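**Q**
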Amino acid sequence: MTDTQRRLAIAAVPWLLLAGGLVAAYGLFATLTDNLADRNIRTGFDFLFDRAGFAIGDTLIAYAPGDSYAAALAVGLLNTLLISALGIIFSTLLGLAVCMARLSSNWLLARLSGLYIELVRNIPLLLQMFVWYAVLLFGLPGPGSGAVGAFDLDNRGLHLPAFTLADPGRAVLLTAIVACAILLGAARRGAVRTRTTLAFAGIALLPLLLWGGIDLPRAGRFGTSGGLSLSTEFLTLVASLSVYASAYLAEIFRGAILAVPAGQSEAAKALGLSPAQTMGRIVIPQALRIAIPPMTSWHLNTIKNSSLGVAIGYPEFVSVVDTVISQTGQAIEGVGLIVATFLLLSLSLSFVTDRYARRLGWSAAGQPGRSIQSSPLEPFPLRSVAAWPSWMRRNLFKGWRQSILTIAILAMTAAFVGRGLSWLLFDATFAGGAADCRLASGACWPFLRENARLILFGTYPEAEQWRSAAAAAALLSCLAFSFVPRFWRSRLGLVWLGAIAVAVLLLRGGFAGLPYVPMEKWSGLPVTLLLASLAVVGAFPLAILLAFGRRSMRRGVRWPSIAFIELVRGTPLIGVLFLAAVLFPLFVPSYLSIDSLPRVQIALILFTAAYMAEVIRGGLLAIPVGQAEAAHALGLTKWQTRRHILLPQALKVSVPGLVNTSISEVKNTTLVLIVGVFDLLQTTRLSYVEAQWRPYFAEAYLFTGAIFFFLCFSLSRLSMKIERKLNYAG
Amino acid sequence: MNRSHAPRRWLPALLAAGALLLSGCDREPAGTGGHEIAAAKGSTLARIRARGTLNCAIHTGQLGMSYLDQRGRWQGFFVDYCRALAAAVLGDARKVRFMPVASNKRFTIVQTGEADVLSRTTTWTLTRDTDLGVNFVGTMYYDGQSFLVPRRSAVRLPADLDGASICITKGTTSELNTAEYFERKGLRFQSVVFENPEEAKLAFFAGRCDAMTTDAFTLTVIRLADTAHPDDYVVLPERLTKEPVGPVVRSDDEQWYEINKWVLNALFAAEEMGVTRANAARMRMASRDPEVRKMLGGLPGFGKSLGLDDGWAYRAIEATGNYGEIFDRHITPLGVERGQNKLYRDGGLIYPLPMR
Chain A
1 MTDTQRRLAI AAVPWLLLAG GLVAAYGLFA TLTDNLADRN IRTGFDFLFD
51 RAGFAIGDTL IAYAPGDSYA AALAVGLLNT LLISALGIIF STLLGLAVCM
101 ARLSSNWLLA RLSGLYIELV RNIPLLLQMF VWYAVLLFGL PGPGSGAVGA
151 FDLDNRGLHL PAFTLADPGR AVLLTAIVAC AILLGAARRG AVRTRTTLAF
201 AGIALLPLLL WGGIDLPRAG RFGTSGGLSL STEFLTLVAS LSVYASAYLA
251 EIFRGAILAV PAGQSEAAKA LGLSPAQTMG RIVIPQALRI AIPPMTSWHL
301 NTIKNSSLGV AIGYPEFVSV VDTVISQTGQ AIEGVGLIVA TFLLLSLSLS
351 FVTDRYARRL GWSAAGQPGR SIQSSPLEPF PLRSVAAWPS WMRRNLFKGW
401 RQSILTIAIL AMTAAFVGRG LSWLLFDATF AGGAADCRLA SGACWPFLRE
451 NARLILFGTY PEAEQWRSAA AAAALLSCLA FSFVPRFWRS RLGLVWLGAI
501 AVAVLLLRGG FAGLPYVPME KWSGLPVTLL LASLAVVGAF PLAILLAFGR
551 RSMRRGVRWP SIAFIELVRG TPLIGVLFLA AVLFPLFVPS YLSIDSLPRV
601 QIALILFTAA YMAEVIRGGL LAIPVGQAEA AHALGLTKWQ TRRHILLPQA
651 LKVSVPGLVN TSISEVKNTT LVLIVGVFDL LQTTRLSYVE AQWRPYFAEA
701 YLFTGAIFFF LCFSLSRLSM KIERKLNYAG
Chain B
731 MNRSHAPRRW LPALLAAGAL LLSGCDREPA GTGGHEIAAA KGSTLARIRA
781 RGTLNCAIHT GQLGMSYLDQ RGRWQGFFVD YCRALAAAVL GDARKVRFMP
831 VASNKRFTIV QTGEADVLSR TTTWTLTRDT DLGVNFVGTM YYDGQSFLVP
881 RRSAVRLPAD LDGASICITK GTTSELNTAE YFERKGLRFQ SVVFENPEEA
931 KLAFFAGRCD AMTTDAFTLT VIRLADTAHP DDYVVLPERL TKEPVGPVVR
981 SDDEQWYEIN KWVLNALFAA EEMGVTRANA ARMRMASRDP EVRKMLGGLP
1031 GFGKSLGLDD GWAYRAIEAT GNYGEIFDRH ITPLGVERGQ NKLYRDGGLI
1081 YPLPMR
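Keeping their order, the protein sequence lines are chains A and B. Take the first sequence: its position 139, counted from the start at 1, is 139 in my numbering, and no numbers get skipped. Going from the second sequence to my numbering is simple: count from 1 and add 730.
#1: Does the separation of the CB atoms of LEU140(A) and ASN122(A) fall below 7 angstroms?
#2: For the beta strand (DSSP E) holding ALA428(A), just list the boundary residues, first then last.
#3: My output table needs one value for MET731(B): the three-state DSSP class, helix, strand or coil.
#4: Name, please, each residue of chain B whose Cβ falls closer than 8 angstroms to the Cβ of SER68(A).
#5: Can you grab the Cα-Cα spacing for the pair ALA415(A) / LYS269(A), in whole Å?
#6: I want to see whether chain B comes within less than 7 angstroms of THR164(A), judged by CB atoms only; does it?
#7: Using a Cβ-Cβ distance cut-off of 7 angstroms, determine whether LEU862(B) contacts chain A.
#8: For a test of the three-state rule: what should DSSP assign to MET1085(B), helix, strand or coil?
#9: In the DSSP assignment, the beta strand (DSSP E) including GLU920(B) goes from what residue to what residue?
#10: Going by Cα to Cα distance, which pick from LEU258(A), TYR133(A) and PRO207(A) is closest to LEU104(A)?
#11: Show which residues of chain A have a CB atom less than 7 angstroms away from the CB atom of ARG1086(B).
#12: Can you tell me where the alpha helix (DSSP H) holding MET942(B) begins and where it ends?
#13: Rounding to the nearest angstrom, what Cα-Cα distance links TYR963(B) and ALA884(B) in this structure?
#14: Does the distance from the C-beta atom of ALA845(B) to that of ALA787(B) stay below 7 angstroms?
#15: What in chain B is Cβ-close to PRO461(A), meaning under 8 angstroms?
#16: Nearest to LEU456(A) by alpha carbon, out of PHE54(A), ARG617(A) and GLN682(A)?
#17: Which first and last residues belong to the alpha helix (DSSP H) in which GLY635(A) is found?
#18: For ASN865(B), which beta-bridge partners are listed by DSSP?
#19: Residues of chain A with CB closer than 8 angstroms to the CB of ARG914(B), please, in chain order.
#20: GLU566(A): which of ALA470(A), LEU505(A), PHE342(A) and ARG508(A) sits nearest, CA to CA?
#21: Using CA atoms only, rank isn't needed, just tell me which of GLY802(B), LEU793(B) and PRO974(B) is closest to GLU462(A).
#22: Using the beta-carbon of each residue, which ones in chain A are nearer than 7 angstroms to ALA1049(B)?
#23: Could you run through the region 812-833 of chain B and flag, in chain order, every residue whose CB is less than 9 angstroms away from some CB of chain A?
#24: Roughly how many whole angstroms lie between the Cα atoms of THR323(A) and ALA276(A)?
#25: If you draw a straight line from the C-alpha of VAL172(A) to the C-alpha of ILE61(A), how long is it?
#26: For THR783(B) and ARG858(B), I'd like the C-alpha separation in whole angstroms.
#27: Between LYS521(A) and the rest of its own chain, which residues show a CB-CB distance below 6 angstroms, the 5 nearest in sequence each way excluded?
#28: For the beta strand (DSSP E) that ILE898(B) lies in, which residues bound it at each end?
#29: Which ranges would you report for the alpha helix (DSSP H) in the region 206-284 of chain A if only whole runs of at least 4 residues count?
#30: According to DSSP, TYR797(B) sits in a beta bridge with which residue or residues?
#31: Kindly give me the distance between the Cβ atoms of PHE919(B) and ALA946(B), rounded to whole angstroms, as I take these residues to be in contact under 8 angstroms.
#32: Would you report the Cα separation of SER796(B) and LYS915(B), rounded to the nearest angstrom?
#33: Hey, would you say ARG1077(B) sits closer than 7 angstroms to GLY976(B), going by beta carbons?
#34: When we look at the beta-carbon of SER363(A) and count the other beta-carbons within 10 Å, is it buried (16 or more) or exposed?
#35: Checking 7 angstroms against the spacing of the C-beta atoms, do ALA535(A) and GLU665(A) come in under that value?
#36: Given that THR323(A) touches chain B, what residues does it touch there, using C-beta distances under 9 angstroms?
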């Protein structure tokens, strides 16, 4: 082959790929239309104007079952917006508070908030949500117990006094607000502005006083009625979204505050500003600019995570679409609506933040600060007893404020630990059955003895469960291997592949005397581990291609890569899973049937690939341009440059990021239960549905939560270990 | 950059060649692929025979209807229909692959052809029969929607539930019926919707809702199996709706539909004729009634018209027993009466079509 021929061949590759892709797309489309026609499924969006017929519990606008599907979807969309807005506000406030606590000079407070962050970040959101829901549902009293106050909390929700406005008042208020907005727009000057605002606030108060009223919650025939009711599902969703995001936001804020050059606060101190002033006027405003881009991206996550409401029956957008799909069978349109809506939401939030940042004269990309340093916590001198008193004086009892704080925290911790211990040990039941547990007030450990197998292995045939255990062990030992720096070679990927193959073969059986076990019986821990590890290993090569594709000079390659990455990253994982569970069968010929497990696996791989591709692209961007130019000058071809020069360097930089993506994948696997795959979380939920075990959900979630925490926490340690090693090496 | 000029000149020619090649390749396999689809479309029966197993979509877990027994085997009223069907079609009641499926995904799994038959509590309605590309085989169980309420709540009629919150499972007819019922009566209710019945149950017993609604059968079972004191709860006697439930198949295969319809009917007819699991073998050869022998294949029967051999009904009955036996095995032990599900001659609605 001559040089020209080789170049020709290489140049032809993308075009051939494109042509192949088009042919494949045509084939898929043909199959789809064929399948749809076959199954008499309607297409198009006409159904939106049909009568919906189902009721929705929480609505912000008037909705009755007689309204159209479009109205139902609007209700869902508004609920999503409300949940997202509240989640964003509360998580930001909580995140700031946790961040301040984390940066506190009080050793105890800093450590406790560190613990909070680690706990929240390493347990899947869905699990946290189920715990919140179970606590609110089983922990709170039922309705009708005790008198109803102005603020009433029972297991149906929170009942608040509502402000009502009779009809003429509404019109007046609306006019006042509109007039106010117009005048404010016209009067741009500061002083005028303030005066106008005050004047119109006064006018707006008038209708409120004249026509307004307060509707108090009262005891009705069925629980509390009247007032404003926030349902248990609503509270669960807002609480879990806020807490989950707060842990991440706290770390983002901390990083940003630490990235503000130390000279700034020193200068402020030198000018005589108090510590509070320094923080509020100098550090936080600068930190906020640095924090804005990562914070926005976390708020986008909160919007996407609000779709988890589908799992607890809160009627947000995805949940309503799910109902609509099951009533009309129009899965393609439904999933299309989910993807389009969330893309629109993400884009508009990015747009708004971008505009806001620009208006304040900030670059949306943030500023390069100094690199984030670990917290300046002084470790406890465990070894030298003589150093203890002075250490405690410095870190716990410096000044009276510190001392009070320390004592308060100590008292609270002691009370909490005391109650925890008595629940875990002293009041707990260790032997016997459900009947013995009902007599004791503490934890019910016989529950775990009876149900641990169900939680770990689910519906896998009991006689064969050792295979399930062996499969999980193979994958876990592979994880353990990954901790040894000696094995950090590219061959580690092959070892993982091997472990996955062994696990699949063990679970499947059908050879060497092992009976065949069909895929729908696989469940519990091995499924979770398998889904997560295959998602990561499978996504890796795809992510590399996508990362290079996105940086390619050719539009034919670059645009599809960008479209894929952005579409997937803009859609909540549930949307992608629905796509796999509901749509996949429509795109393949009917004689090919694929189990739901491989289906969600493919969805997870594609989803992970989009996120990994961005991490790897970040690595590629970090490589100096000189590297590629030098390779070019040395006569390396484009692929040689990529293979031998760019990729190794990019991967080295992006390994910590890739491990972090793996952590989110471990947590993301829990979402598969929504499309009916029995993962570890689903088997956990099954373990307490039986009447006798129903009160012991806490034990179940503690067990599963501990497993997830162990997996995610050890992975995050691995990421830090690799990062340290890289820093030393390079 | 200069280097890339040379290949560019060749590109159009190359592309043209590639396109030719691809279109040539495309035509051939797509054609054969098309035939395969057509063949698959044509005969579900052939596909099942080639596969060697019957793919049967069932409920994910409902006592009496489809549930896992101690040994991890699927059992139940609708599970036995799958077994009878597999015995009739494949000659072996064990050759069934059970596919548990949630309410809101059940039609998709039949529409896509993943499952050959959907055998679970699915209500037969006009829109489902016409819009979803499926056919209802027949009514295997007559049920109706009702409410489960705590006895102390003093609710005795559905209309007493004005302003109550009601736990419902998503994507079911109950969801639509409840909304329609309350709208018709001009009453209000708060719907609390759950992804699956287990969660709805859990929330109801925790006091999240004032009532739980679904088919009366399910409610009766829940009251018996999931409460420590069944007497604390009542299933309201009034039925909101008619809920005839039965197996479902895809609508594009007439032959497969007929097979299902007549296997189900054979189970009904066997009870009417007194053919049981125990005496089927004897009756096949020795019954005095030629109609019985014809149905069981003792005399040349109807197998050919269905594309099966003559022993199909005999094998189905031998595998599961007649309709009454299936009912007594799975439903009666739960304390649910046969009521409307008796044979027509005993005052029920089960009316076997003539097997001749």
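Using N, Cα and C, we set each Cβ at its ideal position, and we do this for glycine too. These figures come from a predicted structure and were not determined experimentally.
**A** Let's see:
#1: no
#2: First-last for ALA428(A): undefined, no H or E at that position.
#3: The predicted position of MET731(B) is uncertain, since its pLDDT is 37 and thus under 50; a value taken from the coordinates is nonetheless stated next. DSSP places MET731(B) in coil when its eight states are reduced to three.
#4: Here the premise fails: no neighbours, minimum Cβ distance about 14 angstroms.
#5: 39 angstroms
#6: no
#7: yes
#8: coil
#9: First, the amino acid is wrong: residue 920(B) is Gln here, not Glu. Residues 920-924.
#10: The displayed chain sequence assigns Ser, not Leu, to residue 104(A). Comparing Cα-Cα distances from SER104(A) to each of LEU258(A), TYR133(A) and PRO207(A), the minimum goes to LEU258(A).
#11: Simply none; closest approach about 33 angstroms.
#12: Segment 941-945 is the beta strand (DSSP E) holding MET942(B); no alpha helix (DSSP H) there.
#13: 11 angstroms
#14: yes
#15: GLY802
#16: GLN682(A)
#17: Looking at the DSSP string, GLY635(A) is not in any alpha helix (DSSP H), and its letter there is neither H nor E.
#18: VAL979(B)
#19: Under the 8 angstroms cutoff, chain A gives no residues; its nearest Cβ is about 10 angstroms from ARG914(B).
#20: PHE342(A)
#21: GLY802(B)
#22: What ALA1049(B) touches in chain A: nothing, since even the nearest Cβ is about 21 angstroms away.
#23: ARG827, PHE828, MET829, PRO830, VAL831, ALA832 and SER833
#24: 51 angstroms
#25: 20 angstroms
#26: 27 angstroms
#27: THR459 and TYR460
#28: 895-899
#29: 232-259 and 262-270
#30: GLN805(B)
#31: 19 angstroms between Cβ atoms; not a contact.
#32: 35 angstroms
#33: It should be pointed out that residue 1077(B) corresponds to Gly in this sequence rather than to Arg. In this structure, GLY976(B) does not lie closer than 7 angstroms to GLY1077(B) by Cβ.
#34: Summary for SER363(A): the model assigns pLDDT 49, below 50, so the residue's position carries little reliability; its value from the coordinates is reported in the next sentence. Exposed: under 16 other Cβ atoms inside 10 Å.
#35: yes
#36: ASN834, LYS900, GLY901, GLU905 and VAL923
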